[in-house]
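Colleague: The structure is given below, and queries will be raised subsequently.
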Amino acid sequence: MYVSGGNDEHIIGRRIGGALRDDCRKTQSNAGIMSVFDILITYQSAFANGLLTTFQLALMIWLIGLTGGSLLGSIGARWKIFVGIPSRVISFTLSGVPILVFLFWLHYPLQQLLGVVIDPFITAALTLSIINVFAVADVIRGVLLDFPSQYIIAGKVCGMTSSQILVHIQLPIVLRQTVPVLLMIQVNMLQATLFASLISVNEIFRVAQQINSHIYKPVEVYTALGLLFLAICLPLNGLALWLKAKFTRDFSER
Amino acid sequence: MLQGIQLVKSARGQKIIDNVDVQLEPGQISVIIGPSGSGKTTLIKLLALLEKPDSGKIVIDDHQYQFPAERNELPPWPEITVVFQQLFLWPHLTLLQNIKLPLMLRSKWHRSVERRASVAPTSNASTTNVQPVEQRRLDDLIELFDMQSFVQRYPNEASLGQRQRAALVRALVLQPRYLLLDEITSSLDVEQISIILSYLKRLSKKGIGVLIVTHLLNFAREAADRVIFMDAGRIIESGGREVLDSPSQERVKKFLSVIESAS
Numbered sequence: 468m469y470v471s472g473g474n475d476e477h478i479i480g481r482r483i484g485g486a487l488r489d490d491c492r493k494t495q496s497n498a499g500i501m502s503v504f505d506i507l508i509t510y511q512s513a514f515a516n517g518l519l520t521t522f523q524l525a526l527m528i529w530l531i532g533l534t535g536g537s538l539l540g541s542i543g544a545r546w547k548i549f550v551g552i553p554s555r556v557i558s559f560t561l562s563g564v565p566i567l568v569f570l571f572w573l574h575y576p577l578q579q580l581l582g583v584v585i586d587p588f589i590t591a592a593l594t595l596s597i598i599n600v601f602a603v604a605d606v607i608r609g610v611l612l613d614f615p616s617q618y619i620i621a622g623k624v625c626g627m628t629s630s631q632i633l634v635h636i637q638l639p640i641v642l643r644q645t646v647p648v649l650l651m652i653q654v655n656m657l658q659a660t661l662f663a664s665l666i667s668v669n670e671i672f673r674v675a676q677q678i679n680s681h682i683y684k685p686v687e688v689y690t691a692l693g694l695l696f697l698a699i700c701l702p703l704n705g706l707a708l709w710l711k712a713k714f715t716r717d718f719s720e721r
Numbered sequence: 158m159l160q161g162i163q164l165v166k167s168a169r170g171q172k173i174i175d176n177v178d179v180q181l182e183p184g185q186i187s188v189i190i191g192p193s194g195s196g197k198t199t200l201i202k203l204l205a206l207l208e209k210p211d212s213g214k215i216v217i218d219d220h221q222y223q224f225p226a227e228r229n230e231l232p233p234w235p236e237i238t239v240v241f242q243q244l245f246l247w248p249h250l251t252l253l254q255n256i257k258l259p260l261m262l263r264s265k266w267h268r269s270v271e272r273r274a275s276v277a278p279t280s281n282a283s284t285t286n287v288q289p290v291e292q293r294r295l296d297d298l299i300e301l302f303d304m305q306s307f308v309q310r311y312p313n314e315a316s317l318g319q320r321q322r323a324a325l326v327r328a329l330v331l332q333p334r335y336l337l338l339d340e341i342t343s344s345l346d347v348e349q350i351s352i353i354l355s356y357l358k359r360l361s362k363k364g365i366g367v368l369i370v371t372h373l374l375n376f377a378r379e380a381a382d383r384v385i386f387m388d389a390g391r392i393i394e395s396g397g398r399e400v401l402d403s404p405s406q407e408r409v410k411k412f413l414s415v416i417e418s419a420s
């Protein structure tokens, strides 16, 4: 477990730094003529370690966000006063607080107030998961509340049971409407993992910063980082658009 | 028999159904006419148990529902089914899928009951989605309503008339004992209306009770065994189809003359 506010070099040395120094030694001689792709190849193990941390972080955020958000959204749609409205108020408040401020506040003041020290990775995962839970809950609750009751009535008068209506009518319509939006939110959450670097989580952005501090080639290093994110996010965005085009048909009738 | 006894329903402090008694015999076609906002659609929803009356009683053959309800008894859907003016077709399914889904689920349910009772399946339904007899009925209805050319379309790709036919077929193929139709002819041409009329007559001869809300007086004249005129949540006049030609109530006379002159 990392120690909050501890020695950064010590952390780097334990995980990313080792790979970084190995990569560095291999290429110190030709550092002056390194291109973006050279950087990607030369520091591949450091980038790979950073990406691994980013993916671990993103997976936690996605898992907690999608599960918790779906649950909170569904419960909020059913019990509007006790769950729906409070959750909407929290979501509205959170939307007014920059992610970075929220992250810093949970990392430094809150832990100081409570007298605890929490691993920055866990702090980042929890902070972004909370944001994701409320973002997902907003979408789910909105779609469920706006679900046209006439489709349920049509199912009832055709003799369908509540579970048959849920499985064959409600879920397919709700999923078609929510999956592309939820996917977009998850891509945004993946990009938000970059903020974790600011509380010393050795995710991909922090690795890029460390590489840059070694070779001082900000244009090439951050372009390489951009390319990595493009390679990850573009297919996800493409998938979201494809799902949107395939399933979110225009339901409006002539 | 489908019967509503002393039904009362209020909304926002106003009675929208005010002490209404109505009954529909098996094999009878009853037509409800009346101005907009007179409570026709609400009455249909109450009779189909889609909305609960504030007080009164609904009898559907052997099932009795007393309101206010002491317990929630399951309504006998789709033995009593409704086709609404807004149609309520499921937008993610094609018209054919809309029609077949309730049938498929019913067949699946029958098969699971047969399995639980360890009875040999009554047909080769275990390998098909819909029972063969129901599939034949479905094919006949699609042909009768001339739907072959558009049955694979999604609701938003079909015209209102085509959607009305699909919604009607979805209800008819389930073979309900009581069929409640709310303004389902509003966007159909004369030929389609005539097909529906003759089909409804065939249904009534088979003992199915049909209750229709319509503004088409000629359709009502042709179809109705019984005519009910509603206004302001009350039944003003009811009787045989002679009500349409020689009503006794001034309100009915006035309404019918307006409709006659408009058409």
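The listed protein sequences derive, respectively, from chains R and E. Mapping to this note's numbering: the first sequence position 3 is 470, numbers consecutive. Mapping to this note's numbering: the second sequence position 224 is 381, numbers consecutive. A virtual CB, placed ideally from N, CA and C, is assigned to each residue, including glycine.
(1) If contact means a Cβ-Cβ distance below 8 Å, which residues of the segment 184 to 210 of chain E contact chain R?
(2) Using the C-alpha atoms, what's the distance from Val600 of chain R back to Ile365 of chain E?
(3) With three or more C-beta pairs closer than 8 Å as the rule, is the segment 356 to 364 of chain E touching the segment 187 to 200 of chain E?
(4) I'd like to know whether the C-beta atoms of Leu298 of chain E and Pro235 of chain E end up nearer to each other than 7 Å.
(5) If we define contact as Cβ-Cβ less than 7 Å, is Gly626 of chain R a contact residue for chain E?
(6) Thinking C-alpha only, which one of R:Ser554, R:Leu507, R:Val503 and R:Leu518 is nearest Ala728 of chain R?
(7) With a threshold of 8 Å, are at least 3 pairs of Cβ atoms found where one atom belongs to the segment 584 to 601 of chain R and the other to the segment 655 to 670 of chain R?
(8) Would you list the one or two residues that DSSP bridges to Ile174 of chain E?
(9) So, Leu244 of chain E versus Arg310 of chain E, is the Cβ gap smaller than 7 Å?
(10) Touching or not, the segment 341 to 357 of chain E and the segment 208 to 228 of chain E, by the rule of three or more beta carbon pairs under 8 Å?
(11) Output the distance between the C-alpha atoms of Leu701 of chain R and Ala515 of chain R, rounded to the nearest integer angstrom.
(12) State the CB to CB distance for the pair Gly397 of chain E and Val384 of chain E, rounded to an integer number of angstroms; the pair is presumed to be in contact (CB under 8 Å).
(13) Is the beta carbon of Asp346 of chain E less than 7 Å from the beta carbon of Ile201 of chain E?
(14) From the DSSP output, which residues share a beta bridge with Gln180 of chain E?
(15) Less than 8 Å between C-beta atoms, sequence neighbours within five positions excluded: which residues of the same chain meet that for Leu246 of chain E?
(16) Can the beta-carbon of Leu164 of chain E be found less than 7 Å from the beta-carbon of Gly196 of chain E?
(17) Figure out for me which residue from E:Ser167, E:Ile392 and E:Asp382 has the closest Cα to the Cα of Glu399 of chain E.
(18) Which same chain residues end up closer than 6 Å to Glu417 of chain E when comparing Cβ atoms and leaving out the 5 residues on each side of it in sequence?
(19) Which stretch, first to last residue, makes up the alpha helix (DSSP H) that contains Lys411 of chain E?
(20) Is any beta-carbon of chain R found at less than 7 Å from that of Thr238 of chain E?
(21) Quick check: the segment 533 to 544 of chain R against the segment 594 to 611 of chain R, are there 3 or more CB pairs under 8 Å?
(22) Find the residues of chain E that neighbour Lys711 of chain R, judging by a C-beta separation of less than 8 Å, and give them in chain order.
(23) In this structure, does DSSP put His220 of chain E in helix, strand or coil?
(24) Gln288 of chain E and Ser264 of chain E: beta carbons closer than 7 Å?
(25) Mind listing the chain E neighbours of Arg643 of chain R? Cutoff is C-beta to C-beta under 9 Å, in chain order.
(26) Got a sec: is the Cβ-Cβ distance from Phe245 of chain E to anything in chain R below 7 Å?
(27) Reducing DSSP to helix, strand and coil, say where Val308 of chain E ends up.
(28) Could you please tell me which residues of the segment 328 to 361 of chain E, in chain order, have their CB closer than 8 Å to any CB of chain R?
(29) Using a C-beta cutoff of 7 Å, does Leu706 of chain R count as contacting chain E?
(30) Enumerate in chain order the residues of its own chain whose CB-to-CB distance from Ile369 of chain E is below 6 Å, with the five nearest sequence positions on each side excluded.
(31) Could one say the Cβ of Pro225 of chain E lies closer than 7 Å to chain R's Cβ atoms, at least one of them?
(32) Any residues in the segment 363 to 387 of chain E with a beta carbon nearer than 8 Å to a beta carbon of chain R? Which ones, in chain order?
(33) Exposed or buried, what is His477 of chain R when buried is set at 16 or more other beta-carbons lying within 10 Å of its beta-carbon?
(34) When the distance is taken between beta carbons, is Lys257 of chain E closer than 7 Å to Asp211 of chain E?
(35) Quick one: grab the DSSP three-state call for Gly191 of chain E.
(36) Using a beta-carbon distance cut-off of less than 9 Å, what residues from the segment 628 to 661 of chain R approach chain E?
Modeller: On the basis of the coordinates in this document:
(1) Answer in chain order: Ala205 and Leu207.
(2) The residue you call residue 365 of chain E lines up with position 208 of the second sequence. The residue you call residue 600 of chain R lines up with position 133 of the first sequence. Near 52 Å, if we compare the C-alpha coordinates of Val600 of chain R and Ile365 of chain E.
(3) No: fewer than three Cβ pairs fall under 8 Å.
(4) By one-based count along the second sequence, residue 298 of chain E stands at place 141. By one-based count along the second sequence, residue 235 of chain E stands at place 78. Not a contact, by the Cβ cut-off of 7 Å.
(5) Taking the first residue of the first sequence as position 1, residue 626 of chain R is located at position 159. Gly626 of chain R counts as touching chain E.
(6) An answer regarding residue 728 of chain R cannot be provided, because it is not within the stretch 468 to 721 covered by chain R.
(7) The segment 584 to 601 of chain R vs the segment 655 to 670 of chain R: in contact.
(8) As a position in the second sequence, residue 174 of chain E is number 17, starting the count at 1. Looking at the DSSP assignment, Ile174 of chain E forms a beta bridge with E:Lys166.
(9) As a working note, residue 244 of chain E is residue 87 in the second sequence. As a working note, residue 310 of chain E is residue 153 in the second sequence. Taking 7 Å as the Cβ cut-off, Leu244 of chain E and Arg310 of chain E do not qualify as a contacting pair.
(10) No, because fewer than three Cβ pairs between the segment 341 to 357 of chain E and the segment 208 to 228 of chain E fall closer than 8 Å, the two stretches do not touch.
(11) On the first sequence, residue 701 of chain R is found 234 positions in, with the first residue counted as 1. On the first sequence, residue 515 of chain R is found 48 positions in, with the first residue counted as 1. Those two C-alpha atoms are separated by around 19 Å.
(12) Your numbering for residue 397 of chain E matches position 240 in the second sequence. Your numbering for residue 384 of chain E matches position 227 in the second sequence. That belief holds up - the Cβ atoms of Gly397 of chain E and Val384 of chain E are roughly 7 Å apart, short of 8 Å.
(13) Translated into the one-based positions of the second sequence, residue 346 of chain E becomes position 189. Translated into the one-based positions of the second sequence, residue 201 of chain E becomes position 44. Between Asp346 of chain E and Ile201 of chain E, the CB-CB gap reaches or exceeds 7 Å.
(14) Your numbering for residue 180 of chain E matches position 23 in the second sequence. Note: Gln180 of chain E sits in a beta bridge opposite E:Gln160.
(15) Residue mapping note: residue 246 of chain E aligns to position 89 of the second sequence, counting from 1. The answer, listed in chain order, is Leu252, Asn255, Pro312, Arg320, Ala323, Ala324 and Arg327.
(16) For the purposes of this step, residue 164 of chain E is identified with residue 7 of the second sequence, where counting begins at 1. For the purposes of this step, residue 196 of chain E is identified with residue 39 of the second sequence, where counting begins at 1. No, they are not a contact pair.
(17) Locating residue 399 of chain E in the second sequence gives position 242, counting from the first residue. Considering only alpha carbons, the answer is E:Asp382.
(18) Position 260 of the second sequence, counting from 1, holds the residue named residue 417 of chain E. Result list for Glu417 of chain E: empty, nothing under 6 Å.
(19) On the second sequence, position 254 is the one that residue 411 of chain E refers to. Counting along the chain, Lys411 of chain E sits inside the alpha helix (DSSP H) bounded by residues Glu407 to Ala419.
(20) Locating residue 238 of chain E in the second sequence gives position 81, where the first residue counts as 1. Yes, contact with chain R.
(21) Touching, yes.
(22) In the first sequence, counting from the first residue as 1, residue 711 of chain R sits at position 244. Ordered by position in chain E, no residue passes the 8 Å Cβ test against Lys711 of chain R, which lies about 14 Å from the chain.
(23) Start at 1 with the first residue of the second sequence, and residue 220 of chain E comes out as number 63. If DSSP states are grouped into helix, strand and coil, His220 of chain E belongs with the strands.
(24) Taking the first residue of the second sequence as position 1, residue 288 of chain E is located at position 131. Taking the first residue of the second sequence as position 1, residue 264 of chain E is located at position 107. In this structure, Ser264 of chain E lies closer than 7 Å to Gln288 of chain E by Cβ.
(25) Within the first sequence, the letter at position 176 stands for residue 643 of chain R. By Cβ distance, chain E contributes His249.
(26) Along the second sequence, one-based indexing puts residue 245 of chain E at 88. By this cut-off, Phe245 of chain E is an interface position.
(27) Numbered from its first residue, the second sequence carries residue 308 of chain E at position 151. If DSSP states are grouped into helix, strand and coil, Val308 of chain E belongs with coil.
(28) Answer set for the segment 328 to 361 of chain E: Ala328 and Leu331.
(29) Numbered from its first residue, the first sequence carries residue 706 of chain R at position 239. Not closer than 7 Å to any Cβ of chain E, the Cβ of Leu706 of chain R fails to qualify, so no.
(30) Taking the first residue of the second sequence as 1, we reach residue 369 of chain E at position 212. Taken in chain order, the residues that qualify are Val188 and Leu338.
(31) For this step, residue 225 of chain E is matched to residue 68 along the second sequence. Output row for Pro225 of chain E: interface = no.
(32) Going along the segment 363 to 387 of chain E in chain order, one finds no residue with a Cβ nearer than 8 Å to chain R.
(33) Working through the first sequence from its first residue, we reach residue 477 of chain R at position 10. Unreliable positioning characterises His477 of chain R in this predicted model, as indicated by a pLDDT of 43, which lies under 50. The coordinate reading is nonetheless provided below. A residue is called buried when at least 16 other Cβ atoms come within 10 angstroms of its Cβ; His477 of chain R does not meet this threshold and is exposed.
(34) To locate residue 211 of chain E, count along the second sequence from 1; it is residue 54. To locate residue 257 of chain E, count along the second sequence from 1; it is residue 100. Their beta carbons are not under 7 Å apart, which means Asp211 of chain E does not touch Lys257 of chain E by this criterion.
(35) The sequence position of residue 191 of chain E within the second sequence is 34, counting from 1. Annotated three-state conformation of Gly191 of chain E is coil, per DSSP.
(36) Closer than 9 Å at the C-beta level to chain E, one finds these residues of the segment 628 to 661 of chain R: Thr628, Gln631, His635, Ile636, Pro639, Ile640 and Arg643.
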